[in-house]
Amino acid sequence: MADIVSVAEARRADSVGREVVVQGWVRTRRDSKAGFSFIEVNDGSCFGNIQIIAEAALPNYESEIKRLSPGCCVGVTGLVKASPGKGQATEIQAAVVVVHGLADVKTYPLQKKGHSFEFLRTIAHLRPRTNTFGAVARVRNRACNSIHQFFQERGFLYVHTPIITASDCEGAGAMFQVTALDLAADKERGTKGEKGEKGVKGAGIDFSKDFFNRPAYLTVSGQLEAETFACALSKTYTFGPTFRAENSNTPRHLAEFWMVEPEAAFFDLQDDMELAEGLLKRIFRDVLQECPEDMQFFNQRIDKTVIETLEHIVESEFLRVSYSDAIDILRKSGQRFEFPTAWGNDLQVEHERFLTETHFRRPVILYDYPREIKPFYMRVNDDGRTVRAMDVLVPKVGEIVGGSQREERLDLLERRMREQGLDPESYWWYLDLRRFGTVPHSGFGLGLERAIQFVTGMSNIRDVIPFPRTPGNAEF
RNA sequence: UCCCCGAUAGCUCAAUUGGUAGAGCGAGCGGCUGUUAACCGCUAGGUCCAAGGUUCGAGUCCUUGUCGGGGAGCCA
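Residue 1073 in my numbering sits at position 2 of the first sequence; the count goes up by one each step and never skips.
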């Protein structure tokens, strides 16, 4: 009886001699006048295809097999043999070829040739069938697995923070509002009655009658909620989707993206940096080891330096440079920058690129930023002018991790909130963590897609998430 | 949101100073072949993004819009 096996398994040399069934989608078919056809089948289990030898003697050879084209779905029963040709260790001599579904070659959008990523984005439902997007999917899966393993092995608890949140002031950018109200109907009412309020946000809408009796939003970060669990269970992390309604149109931004956010009690900024460095190295090492074929592909077709870069990073220490030292380096560099490099200004992309790509040529962790340019929850240093923030910057992608030691002192935290125009009242539960058994703690956020971009060398973030959400784009 | 660039065959792209639309790949047919981004020959295939405008004449110049790319801001 034939075993149902993956293409990955059938490709292994030790499968020679086995009677197997493989199932997948046709990539190409080449006919030989010697009386048979080569069919390449891929099922996503690995980068490579399995080559099927289909003899003309098969009963459905003329009726079906010779009509097979890219995109058709087949199941093949046959004997795995050592392949005499170049390019593959094994092939399958087909005894039975079942055609599950044909794909009309005139209308099927994917061809044997390479397509531009811009075009593939317009057929996001079919692009997983391409080499590149299959490889991205496998690498992304591997990275997610590594993230969980990394934290689980270190005793971090996976906490599910809410997707819908009522706190509209997490300070990480514009939010998507969530409502169960019929906004179209409410808008009509509003414009009929009070003409003056047209155009005002929420005009004519009474959110106290909404589902949550208040305005609600999609989360921009699980950090504040994760802190509540860190202040009880010590080491925690969240890993889930986050949403930003910013009108960002860049190859590094998405409206919906996945973020890893560890939050750990008794961790200071040093511990936080070590944790971030360890996590990134773990992801890189695992992907290199576990996805060699996919990485080889990225190295050949996408970015000829990715493997070398990742190997180098895994072996070397991330540099740690204070914000103040970074400003000194930039000022003394002799480089001309569009934006001034004065102490107190936030670093611009050009500055980050100079540091990671020209000056240090590797990942850098910057820390101790000016308090004015960082959010309220970051712990103020003894100098009073900096906070314990840290950003991990990598070449090309830029900021991949942003984190900090959190302010655990109630009075200072409240003062910082008022400084930034926030009302401590609305953060009563967050402040309770400092009121009752406060603890030094730290955490960071890792943008999953940016990490995948860095690992694969893919230049546009829209091509490392299955279904990208960006301004004006949610077709699939 | 701002700046720059682009949109022509199914895909990737050409088209001179404004003068009747081209190639490669893909597709169809034929040839050849243990092939592997196969190869060789022939054939078909176009609302030149949309709407206005300038002109005897617009793929080409102008305006507006839509979509895409690059850069910037916001950030992860």
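Cβ atoms here follow ideal geometry from the backbone N, Cα and C, with glycine treated the same way.
Taking the alpha-carbon positions, what's the residue i to residue j distance?
i	j	result
Pro1446	Ser1393	18 Å
Lys1375	Phe1369	8 Å
Val1249	Ile1471	28 Å
Gly1115	Lys1306	36 Å
Ala1166	Gln1094	14 Å
Thr1541	Val1168	42 Å
Tyr1132	Ile1110	12 Å
Ser1077	Ser1530	31 Å
Gln1367	Gln1360	11 Å
His1186	Gly1311	31 Å
Ser1279	Arg1285	5 Å
Gly1455	Leu1484	13 Å
Gly1267	Trp1414	With a pLDDT of 37 at Gly1267, under the threshold of 50, the modelled position of that residue is not reliable, and the figure given next carries that caveat. So the two alpha carbons sit approximately 45 Å from each other.
Thr1598	Gln1371	Here the chain has residues from 1072 to 1547 only, and residue 1598 is not among them.
Leu1150	Gly1205	26 Å
Tyr1179	Thr1203	18 Å
Asp1494	Glu1224	39 Å
Met1488	His1512	18 Å
Lys1152	Asp1085	10 Å
I'd like to check one pair, residue j with residue i: are the Cβ atoms closer than 7 Å?
i	j	result
Ile1436	Arg1391	yes
Lys1177	Thr1099	no
Phe1107	Glu1090	no
Ser1217	Arg1323	no
Pro1566	Val1465	Residue coverage of the chain in this structure runs from 1072 to 1547, which leaves residue 1566 outside it and unanswerable.
Thr1232	Glu1298	no
Ile1123	Ile1075	no
Tyr1438	Met1461	yes
Gly1142	Ala1105	no
Gln1419	Phe1410	yes
Ala1301	Ala1336	yes
Val1210	Val1097	no
Glu1528	Ile1373	According to the sequence as given, residue 1528 is Gly; it is not Glu. A contact, by the Cβ cut-off of 7 Å.
Phe1190	Glu1364	no
Phe1355	Leu1381	yes
Val1468	Phe1547	no
Val1145	Val1535	no
Ile1532	Leu1351	no
Leu1388	Gly1514	According to the sequence provided, residue 1388 is Glu. The question's Leu does not apply to it. For Glu1388 and Gly1514, no; Cβs fall outside 7 Å.
Considering Cα atoms alone, identify which of the options is closest to residue i.
i	options	result
Arg1424	Ala1397, Leu1346, Leu1191 and Gly1349	Ala1397
Phe1283	Thr1236, Ile1110, Thr1309 and Glu1409	Thr1236
Arg1486	Ala1522, Met1449, Leu1254 and Tyr1179	Met1449
Ser1140	Arg1101, Pro1155, Gly1405 and Ala1153	Arg1101
Asn1120	Thr1201, Ala1214 and Val1170	Thr1201
Ala1287	Thr1309, Phe1247, Gly1311 and Gly1156	Phe1247
Glu1428	Leu1401, Arg1442 and Gly1415	Leu1401
Thr1148	Val1092, Lys1157 and Pro1155	Val1092
Val1087	Gln1159, Val1112 and Ser1103	Gln1159
Phe1338	Ala1251, Thr1412 and Arg1459	Arg1459
Asp1281	Met1488, Ser1513 and Asp1253	Asp1253
Thr1309	Cys1215, Glu1224 and Val1230	Val1230
Gly1543	Ser1154, Asn1320 and Asp1503	Asn1320
Arg1506	Phe1227, Asp1482, Pro1199 and Ile1234	Asp1482
Ser1395	Tyr1440, Ile1378 and Ser1103	Tyr1440
Trp1500	Ile1234, Pro1199 and Ser1238	Ser1238
Between which two residues does the alpha helix (DSSP H) harbouring residue i extend?
i	result
Trp1500	Trp1499 to Arg1506
Tyr1438	Element bounds for Tyr1438: not the alpha helix (DSSP H) but the beta strand (DSSP E), Val1435 to Pro1441.
Ile1400	Tyr1394 to Lys1403
Thr1203	Asn1202 to Glu1224
Glu1361	Leu1340 to Glu1361
Phe1188	Phe1188 to Arg1192
Leu1381	Val1377 to Glu1386
Glu1423	Val1420 to Arg1424
Glu1470	Looking at the DSSP string, Glu1470 is not in any alpha helix (DSSP H); the run it does join, the beta strand (DSSP E), is Gly1469 to Gln1476.
Could you spell out where the beta strand (DSSP E) holding residue i opens and where it closes?
i	result
Ala1081	Premise fails: Ala1081 lies in the alpha helix (DSSP H), Val1078 to Arg1082, not in any beta strand (DSSP E).
Asn1452	Counting along the chain, Asn1452 falls outside any beta strand (DSSP E), and DSSP gives it neither H nor E.
His1512	His1512 to Gly1518
Arg1101	Glu1090 to Ser1103
Ala1301	Unbroken run through Ala1301 is the alpha helix (DSSP H), Gln1294 to Leu1304; no beta strand (DSSP E).
His1171	Thr1161 to Gly1172
Leu1150	Cys1144 to Ala1153
Glu1111	Phe1107 to Asn1113
Using 8 Å as the Cβ pair cut-off and three pairs as the minimum, do the stretch 1289–1300 and the stretch 1315–1335 touch? The answer is yes - the stretch 1315–1335 touches the stretch 1289–1300, with three or more Cβ pairs under 8 Å.
Counting Cβ pairs closer than 8 Å, one from the stretch 1473–1484 and one from the stretch 1340–1359, do we hit at least three? By the C-beta criterion, the stretch 1473–1484 is judged to be in contact with the stretch 1340–1359, since at least 3 inter-stretch pairs fall below 8 Å.
Within the chosen definition, does the stretch 1136–1143 reach the stretch 1076–1091 through at least 3 CB pairs nearer than 8 Å? Below 8 Å, too few C-beta pairs join the stretch 1136–1143 and the stretch 1076–1091 to call them touching: fewer than three.
Specify whether the stretch 1327–1336 and the stretch 1504–1520 touch according to this definition: at least 3 beta carbon pairs, one from each stretch, less than 8 Å apart. Touching, yes.
On the three-pair Cβ rule with 8 Å, is the stretch 1531–1547 touching the stretch 1195–1206? Yes: the two stretches touch, three or more of their Cβ pairs being nearer than 8 Å.
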